[in-house]
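Student: Got a structure for you, written out below as structure tokens; questions coming shortly.
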Amino acid sequence: MTGPEFPSPPRHSSVFVSELRPPTRTSAGFTSSNTDDDVEQLAVTSWAANESFGVKVKLRGPEYTKNNTNDTNNTASKLEELVAGCRVRDAPKYDPREPKLVTQSIPLVGHVIGMVRHGLGYYTTLGDVPSPIFSMSMLNKKIYVVTSAALVSTIQRSAKFISFEPFLNEVGDWLAGIKGDGLKLLQKPVKGGGSLSSAMVHAMATAISGSSLDKMNDTMISFLQASMEELSTATEDPIDLYAWCRDAMTTASCEAVWGAKNPLRYKEIQDTFWEYETNLPMLYINILPQFTAQKPFKAREKLVKEFLKFYEADGQWEASELSLVRWKIQHEAGATIENIARMEVTLCVGVLSNTVPTLFWTTFEIFSRPELLLKLRQEVWDNAVHVSISPEGNTIHCLDVADIRNKCTLLLSTFQEVLRLRSSSATIRTVLEDIEINNQYLLKKGSMLQLPAPFLNLEESTWGSDSANFNPYRFFDCDKEKVGRLRSKGYMSWGTSPHMCPGRHFASGEILPAVAMFLVRYDITPVEGTWRHLSINREVIAASIPPPKEKFMVRFSERDNQDALKWEFRPSAEHGRFKLVTG
């Protein structure tokens, strides 16, 4: 079933089309979707060892040289100083059979600086790049970037030679700060194959499904309910919509994962996490982080201390199966409590970094479109709201989570369209052996492979000529085998098999009930009167869905046509799986 053609939103109500649209395809590859008059251009010269297979590109977007935090600029400057003596011949050597090379004006570190300043949205700043794949280098690392869904199936079939596991081990180093024997332990092979890091990932997929997922959802919903109730008493006060989403989701998610002794229960520690998460690009460089990345380094160490207290108080036994199984696997392998605490800090990133901005943007995109808002309100009201009378004679409106999942098809389609357009994620793999894909492109051992959503989620050959437009009906036909199979290969918002986001159903079970309650219970009005264009914080590399760069103040008001004395959620006991499109 397909819905009617939905009009494109006005420019001010959809930041994605104006800021995040990736380069459009040309016969030579892609070209910038913005005009030269709109952006500040940086000249780029090929620094490849063999310029005959180098490709010149342009960086677009004034944010590349302006409007960055001092910390990020200082980190980039320090990085330039650290490699000032490097020679071009220190860069990785390229074989002409490899994908076309895209270079930067600053050898070795040009792309690194771009990634620090833009996060995963960096790829959208590149101008003409080859399709369906190109090469680039960061320091001494070679990276292949896939720009077309045509290669996704081939890469999936090559999982034996193109693996996610080495990246997991690197995360233990730069993200968690684990060194020496602790890092070697994470990389150590375990029974059944793979490393200790990959064993944790596989165990998480089981621990966040079935009855364990239901239990987490029940806890999460109870805390989300409390946050919703607080809104009803603050209807006269302006509220920063993103800050509300951040605080509500942080509390609900962390209580569901870590239980009674949740280390992030208090606002001070929650703020410490967001200080760490927001400044992760500085840690990614991993060169003397205590000096070059002081903010996230100090925040991480403070979080580690809180998780040490959690384990010293045996908090894992009162936490979710997700947290407990991670502790068991590491503890049985001989990991120290400190290193287990460090790895748990990284779980915070997985639990929170995308849930918060996705809730914000889903709310923003719906409430900025009056026609869509009306249709979704009616859908949720007709299919998921149940009215009852209490023994005292009071009206109770109950929002059923299972009905939201199973019956609110336009809401689910809208949610997936927001993810498609907003995602700047990049699925990451490491090449374990030299391999030729599609009998055309040589990928060299030790290189990194990335599949960025900004390219694949908007490819016209997959999504049609309106691929850059917001269409809430786009996923109504996702159950049709042929269309679904094609689109799944070009949908990177949840990653791609065999390593997709294990928490996607938990995240969907948080976001969609929250949005549904907004729809039927509240009107949301911008303080400035319009749902205006918002700048995006491109520097947050942990978030696949980039957050806004500025505050957006709104007022919540309870809708006049409601006669309920009480609103509540009805949790689901159906193992909480949504019909999500995945790669």
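The opening position of the sequence shown corresponds to residue 105 in my numbering, with each subsequent residue numbered one higher.
Just so it is clear, CB atoms sit at the ideal spot from N, CA and C, and this is done for glycine as well.
In this text the structure is predicted, and so the values were computed from the model without any measurement.
Cutting at 6 Å between CB atoms, please list the residues of its own chain near M242, excluding the five before and the five after it.
Tutor: On the sequence shown, position 138 is the one that residue 242 refers to. H215, V216.
Student: Quick one: any contact between the region 345 to 357 and the region 319 to 334, if contact means 3 or more CB pairs under 8 Å?
Tutor: Touching, yes, given that three or more Cβ pairs across the two stretches are closer than 8 Å.
Student: Let me check understanding here. Comparing Cα to Cα, which of A403, I508, R663, N458 lies closest to D627?
Tutor: The residue you call residue 627 lines up with position 523 of the sequence shown. Selected option, being the one with the closest Cα: R663.
Student: Would you give the residue range spanned by the beta strand (DSSP E) that H490 belongs to?
Tutor: The residue labelled residue 490 in the question sits at position 386 within the sequence shown. Unbroken beta strand (DSSP E) run through H490: 489 to 493.
Student: Opposite L553 in the DSSP bridges: which residues?
Tutor: By 1-based counting over the sequence shown, the position of residue 553 is 449. Bridge partners of L553: Y248, R533.
Student: Just to confirm the assignment: which complete alpha helix (DSSP H) runs, minimum length 4, are found wholly within the region 603 to 633?
Tutor: Taking only runs of at least 4 residues, the alpha helix (DSSP H) segments lying wholly in the region 603 to 633 are 608 to 625.
Student: Based on Cα-Cα distance, which residue from L289, S357, I649 lies nearest to A303?
Tutor: Taking the sequence shown and counting its residues from 1, the one referred to as residue 303 is at position 199. A303 has its Cα closest to that of L289, out of L289, S357, I649.
Student: Taking buried to mean at least 16 other C-beta atoms within 10 Å of its own C-beta, is E614 buried or exposed?
Tutor: Along the sequence shown, read from residue 1 onward, the residue named residue 614 stands at position 510. Flag for E614 reads buried.
Student: Scan the region 297 to 380 and note each continuous alpha helix (DSSP H) run of 4 residues or more that stays entirely inside, going in chain order.
Tutor: If we require 4 residues or more, the alpha helix (DSSP H) runs fully inside the region 297 to 380 come out as 300 to 311, 314 to 336, 345 to 362.
Student: Beta-carbon within less than 6 Å of E202's beta-carbon, same chain only, minus the 5 sequence neighbours each way: which residues are those?
Tutor: Taking the first residue of the sequence shown as position 1, residue 202 is located at position 98. For E202, where only same-chain residues beyond five positions count, the Cβ hits under 6 Å are S239, L546.
Student: Measure the alpha-carbon distance for A360 versus K479 and round it to whole angstroms.
Tutor: Stepping through the sequence shown from its first residue, residue 360 is reached at position 256. Stepping through the sequence shown from its first residue, residue 479 is reached at position 375. Between A360 and K479, the C-alpha separation is close to 32 Å.
Student: Straight-line CA distance for K365 to L407?
Tutor: If you number the sequence shown from 1, residue 365 lands on position 261. If you number the sequence shown from 1, residue 407 lands on position 303. Roughly 14 Å separates the two Cα atoms.
Student: Which runs of the beta strand (DSSP E) spanning at least 3 residues fall entirely within the region 199 to 227, listed in chain order?
Tutor: Taking only runs of at least 3 residues, no beta strand (DSSP E) segment lies wholly in the region 199 to 227.
Student: Output the residue ranges of the beta strand (DSSP E) runs that lie fully inside the region 447 to 529 and measure 3 residues or longer, sorted by chain position.
Tutor: Segments of the beta strand (DSSP E) lying fully in the region 447 to 529: 489 to 493, 499 to 504.
Student: In angstroms, rounded to a whole number, what distance separates the CA positions of L684 and F395?
Tutor: Translated into positions along the sequence shown, residue 684 becomes position 580. Translated into positions along the sequence shown, residue 395 becomes position 291. Rounded to the nearest angstrom, the two C-alpha atoms are 43 Å apart.
Student: For Q420, collect the residues of the same chain with a Cβ closer than 7 Å to its Cβ; drop the 5 residues on either side in sequence, then sort them by chain order.
Tutor: Taking the first residue of the sequence shown as position 1, residue 420 is located at position 316. Once the five neighbours on either side are set aside, the close Cβ partners of Q420 are S427, L428, W431.
Student: Let me confirm a value: S551 is counted as buried when at least 16 other C-beta atoms fall within 10 Å, else exposed. Which label applies?
Tutor: Translated into positions along the sequence shown, residue 551 becomes position 447. The residue in question, S551, is buried, as its Cβ has 16 or more Cβ neighbours within 10 Å.
Student: Measure the CB-CB distance between P293 and S299 and report whether it falls below 8 Å.
Tutor: The count along the sequence shown starts at 1 and reaches residue 293 at position 189. The count along the sequence shown starts at 1 and reaches residue 299 at position 195. Result yes, Cβ atoms of P293 and S299 sit closer than 8 Å.
Student: Is the separation between the beta-carbon of C502 and that of R674 shorter than 8 Å?
Tutor: Mapped onto the sequence shown, residue 502 falls at position 398. Mapped onto the sequence shown, residue 674 falls at position 570. Cβ distance < 8 Å, so C502 and R674 count as in contact.
Student: So who's on the other strand from M240, going by DSSP bridges?
Tutor: On the sequence shown, position 136 is the one that residue 240 refers to. DSSP lists I247 as partners of M240.
Student: If you follow the beta strand (DSSP E) that I259 is part of, which residue opens it and which one closes it?
Tutor: As a working note, residue 259 is residue 155 in the sequence shown. From DSSP, I259 is part of no beta strand (DSSP E) but of the alpha helix (DSSP H) over 256 to 261.
Student: Could you compute how far the alpha carbon of V213 sits from the alpha carbon of I441?
Tutor: Counted from its first residue, the sequence shown places residue 213 at position 109. Counted from its first residue, the sequence shown places residue 441 at position 337. Answer to the nearest angstrom: the Cα atoms are 36 Å apart.
Student: From the DSSP output, in three-state form, read off E442 for me.
Tutor: Taking the sequence shown and counting its residues from 1, the one referred to as residue 442 is at position 338. Of the three classes helix, strand and coil, the one that applies to E442 here is helix, per DSSP.
Student: Tell me the rounded alpha-carbon separation between S59 and N510.
Tutor: With the chain represented from 105 up to 687, any question about residue 59 goes unanswered, as that position is not in the structure.
Student: From S316 to S457, what distance separates their C-alpha atoms?
Tutor: In the sequence shown, the residue the question calls residue 316 occupies position 212. In the sequence shown, the residue the question calls residue 457 occupies position 353. Using only the alpha carbons, I get a separation of about 22 Å.
Student: For L616, count neighbouring Cβ atoms within 10 angstroms of its own Cβ and tell me buried if that reaches 16, exposed if not.
Tutor: Residue 616 sits at position 512 when you count from the first residue of the sequence shown. Classification for L616: buried.
Student: One question on the structure: do A439 and G281 come within less than 8 Å of each other, judged by their Cβ atoms?
Tutor: Here the question's residue 439 lines up with position 335 in the sequence shown. Here the question's residue 281 lines up with position 177 in the sequence shown. Not in contact: A439 and G281 (Cβ atoms no closer than 8 Å).
Student: Excluding sequence positions up to five away, which residues of its chain have a Cβ less than 6 Å from the Cβ of A611?
Tutor: As a position in the sequence shown, residue 611 is number 507, starting the count at 1. So the qualifying residues of the chain are T459.
Student: With M386 as the anchor, note down where its alpha helix (DSSP H) starts and where it stops.
Tutor: Start at 1 with the first residue of the sequence shown, and residue 386 comes out as number 282. First-last of the alpha helix (DSSP H) with M386: 384 to 388.
Student: Where does L205 land, buried or exposed, given buried means 16+ other C-beta within 10 angstroms?
Tutor: Against the sequence shown, residue 205 aligns to sequence position 101. Classification of L205: buried, given that the 10 Å Cβ count is 16 or more.
Student: Suppose you measure from the CA of K162 to the CA of Q208; what does that come to, to the nearest Å?
Tutor: To locate residue 162, count along the sequence shown from 1; it is residue 58. To locate residue 208, count along the sequence shown from 1; it is residue 104. At K162, the pLDDT of 41 sits below 50, so the modelled position is not reliable; the number obtained from the coordinates is stated separately. Between K162 and Q208, the C-alpha separation is close to 8 Å.
Student: Compute the Euclidean distance between the alpha carbons of W362 and S648, then round it to the nearest angstrom.
Tutor: One-based indexing of the sequence shown puts residue 362 at position 258. One-based indexing of the sequence shown puts residue 648 at position 544. For W362 and S648, the distance between alpha carbons rounds to 23 Å.
Student: Under the rule that 16 or more other beta-carbon atoms within 10 Å means buried, what is Y227, buried or exposed?
Tutor: Working through the sequence shown from its first residue, we reach residue 227 at position 123. With 16 or more Cβ atoms within 10 Å of its Cβ, Y227 is classed as buried.
Student: What are the boundary residues of the beta strand (DSSP E) that L546 is part of?
Tutor: For the purposes of this step, residue 546 is taken as residue 442 along the sequence shown, with counting starting at 1. It spans 545 to 547 - the beta strand (DSSP E) in which L546 sits, taken as one unbroken run.
Student: Return the chain-ordered list of same chain residues with a C-beta closer than 7 Å to the C-beta of P576, the five sequence neighbours on each side being excluded.
Tutor: To locate residue 576, count along the sequence shown from 1; it is residue 472. For P576, where only same-chain residues beyond five positions count, the Cβ hits under 7 Å are F110, L476, L514, S517, T518, E521.
Student: What is the DSSP secondary structure of R674, counted as helix, strand or coil?
Tutor: As a first step, residue 674 is located in the sequence shown; it is residue number 570 there, counting from the start. In this structure, R674 counts as strand in the three-state DSSP scheme.
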